[in-house]
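S.K.: Structure incoming, see below.
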Amino acid sequence: GQNIDQPTEMTATEGAIVQINCTYQTSGFNGLFWYQQHAGEAPTFLSYNVLDGLEEKGRFSSFLSRSKGYSYLLLKELQMKDSASYLCAVRRYGGATNKLIFGTGTLLAVQP
Amino acid sequence: DTGVSQNPRHKITKRGQNVTFRCDPISEHNRLYWYRQTLGQGPEFLTYFQNEAQLEKSRLLSDRFSAERPKGSFSTLEIQRTEQGDSAMYLCASSPRDAPTYEQYFGPGTRLTVT
Numbered sequence: 001g002q003n004i005d006q007p008t009e010m011t012a013t014e015g016a017i018v019q020i021n022c023t024y025q026t027s028g029f030n031g032l033f034w035y036q037q038h039a040g041e042a043p044t045f046l047s048y049n050v051l052d053g054l055e056e057k058g059r060f061s062s063f064l065s066r067s068k069g070y071s072y073l074l075l076k077e078l079q080m081k082d083s084a085s086y087l088c089a090v091r092r093y094g095g096a097t098n099k100l101i102f103g104t105g106t107l108l109a110v111q112p
Numbered sequence: 113d114t115g116v117s118q119n120p121r122h123k124i125t126k127r128g129q130n131v132t133f134r135c136d137p138i139s140e141h142n143r144l145y146w147y148r149q150t151l152g153q154g155p156e157f158l159t160y161f162q163n164e165a166q167l168e169k170s171r172l173l174s175d176r177f178s179a180e181r182p183k184g185s186f187s188t189l190e191i192q193r194t195e196q197g198d199s200a201m202y203l204c205a206s207s208p209r210d211a212p213t214y215e216q217y218f219g220p221g222t223r224l225t226v227t
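Below is the structure:
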């Protein structure tokens, strides 16, 4: 089976840095995705890690440790528009599907 | 590239009625996924198409649910004899044939309310 855990809610201040953690237990790991979802909207792709290490993309970075089953999303220079739910998702080997298994999401509130 | 589109955006129906949703993926994306999302939860996988072939169905997809992708382009998801537990956001996603990350692009979803 698979299990993905991430904090339910976080609060941070505009201009600050926030780290959202995600731990997972799954067989056949084949990559980890982070998506951003504003209320009532579709998830949008932020980052992808399949090898250990840090991937940086502007204000957003994502880290993966496969041996620890652990990832984090780092958001720098927070802006009010970053208030959203952040979804961690794992892709598993298994036929041709490449389906994603999502965590419950972390609702981030950015305060002035 | 206009993105993944879904229709309708909202649907209110009475318990026991049938509903059908449509998804138009990004053109030339051969992979299409349906997910269901309830409030406060992440999306849950329902089914997957590669071209017109339905290659996987989740156990969440009871026999009241059926999905098609007849010509390998748009897809429909039908729910028969709806129940209040079917109330959710139904998301469609597509991904291209040869992307190294197989990143999935999501549509805006159809929000279903069963009264």
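Quick mapping for you: the protein sequence lines, in order, are chains A and B. First residue of the first sequence: 1, per the numbering used here; consecutive thereafter. First residue of the second sequence: 113, per the numbering used here; consecutive thereafter. Where a beta carbon is used, it is the ideal one built from N, C-alpha and C, also for glycine. Computed from a predicted structure; not experimentally measured.
Nearest chain A C-beta to Glu73(B) closer than 9 Å, yes or no?
M.R.: A question about residue 73(B) goes unanswered here, because the residues of chain B that appear run from 113 up to 227.
S.K.: Contact check, Cys88(A) vs Ile4(A) under 8 Å by CB: the rounded distance?
M.R.: 6 Å
S.K.: Ser174(B) and Glu190(B) - do their beta-carbons sit closer together than 9 Å?
M.R.: no
S.K.: Here's a check: name, in chain order, each residue in its chain whose Cβ is nearer than 6 Å to the Cβ of Leu64(A), leaving out the five neighbours to either side.
M.R.: Only Leu32, Asn49, Asp52 and Ser71 meet the Cβ criterion.
S.K.: Pick helix, strand or coil for Lys57(A), following the three-state DSSP scheme.
M.R.: strand
S.K.: If we ignore side chains and look at the alpha-carbon of each, how far apart do Arg148(B) and Gly221(B) end up?
M.R.: 9 Å
S.K.: Bridge partners of Met80(A), per DSSP?
M.R.: Beta-bridge pairing links Met80(A) to no other residue.
S.K.: Taking the straight line between their C-alpha atoms, what separation do you get for Gln129(B) and Trp146(B)?
M.R.: One C-alpha to the other measures close to 21 Å.
S.K.: Rounded to whole angstroms, what is the Cα-Cα separation between Pro182(B) and Arg134(B)?
M.R.: Straight-line Cα distance between these residues: approximately 12 Å.
S.K.: With a threshold of 16 other CB atoms inside 10 Å of the CB of Tyr93(A), please say whether the residue is buried or exposed.
M.R.: exposed
S.K.: Is the stretch 7 to 21 of chain A touching the stretch 72 to 87 of chain A, taking contact as three or more C-beta pairs under 8 Å?
M.R.: yes
S.K.: Could you list which residues in chain A have their beta carbon closer than 7 Å to that of Pro220(B), in chain order?
M.R.: Glu41 and Ala42
S.K.: Between the alpha carbons of Lys83(A) and His38(A), how many angstroms are there, rounded?
M.R.: Sequence check: residue 83(A) is Ser here, not Lys. Rounded to the nearest angstrom, the two C-alpha atoms are 7 Å apart.
S.K.: Could you tell me if Arg91(A) is buried or exposed, where buried requires 16 or more neighbouring beta carbons within 10 angstroms of its beta carbon?
M.R.: Counting every other CB atom within 10 Å of its CB across the protein chains shown gives Arg91(A) a total of 16 or more, marking it as buried.
S.K.: Taking the straight line between their C-alpha atoms, what separation do you get for Leu167(B) and Gly15(A)?
M.R.: 45 Å
S.K.: Using the three-state DSSP reduction, which class does Asp136(B) fall into: helix, strand or coil?
M.R.: Looking at Asp136(B) - three-state DSSP - the assignment turns out to be strand.
S.K.: When DSSP builds the beta bridges, which residues end up paired with Asp5(A)?
M.R.: According to DSSP, which records beta bridges pairwise, Asp5(A) is partnered with Thr23(A).
S.K.: Could you check whether the Cβ of Thr213(B) sits closer than 9 Å to any Cβ belonging to chain A?
M.R.: With 9 Å as the cut-off, Thr213(B) counts as an interface residue toward chain A.
S.K.: List, in chain order, every chain A residue whose beta-carbon is nearer than 8 Å to that of Leu203(B).
M.R.: Ala42 and Pro43
S.K.: Give the residues of chain B in contact with Leu87(A), contact being defined as C-beta atoms less than 8 Å apart.
M.R.: Gly154 and Pro155
S.K.: Using the C-alpha atoms, what's the distance from Glu156(B) back to Ser206(B)?
M.R.: 15 Å
S.K.: Once the 5 residues before and after His141(B) are set aside, which same chain residues still bring their CB inside 7 Å of it?
M.R.: Ser206, Ser207 and Pro208
S.K.: Could you work out which residue in Gln196(B), Tyr214(B) and Leu203(B) is closest to Arg127(B) when comparing CA atoms only?
M.R.: Gln196(B)
S.K.: Exposed or buried, what is Ala165(B) when buried is set at 16 or more other beta-carbons lying within 10 Å of its beta-carbon?
M.R.: exposed
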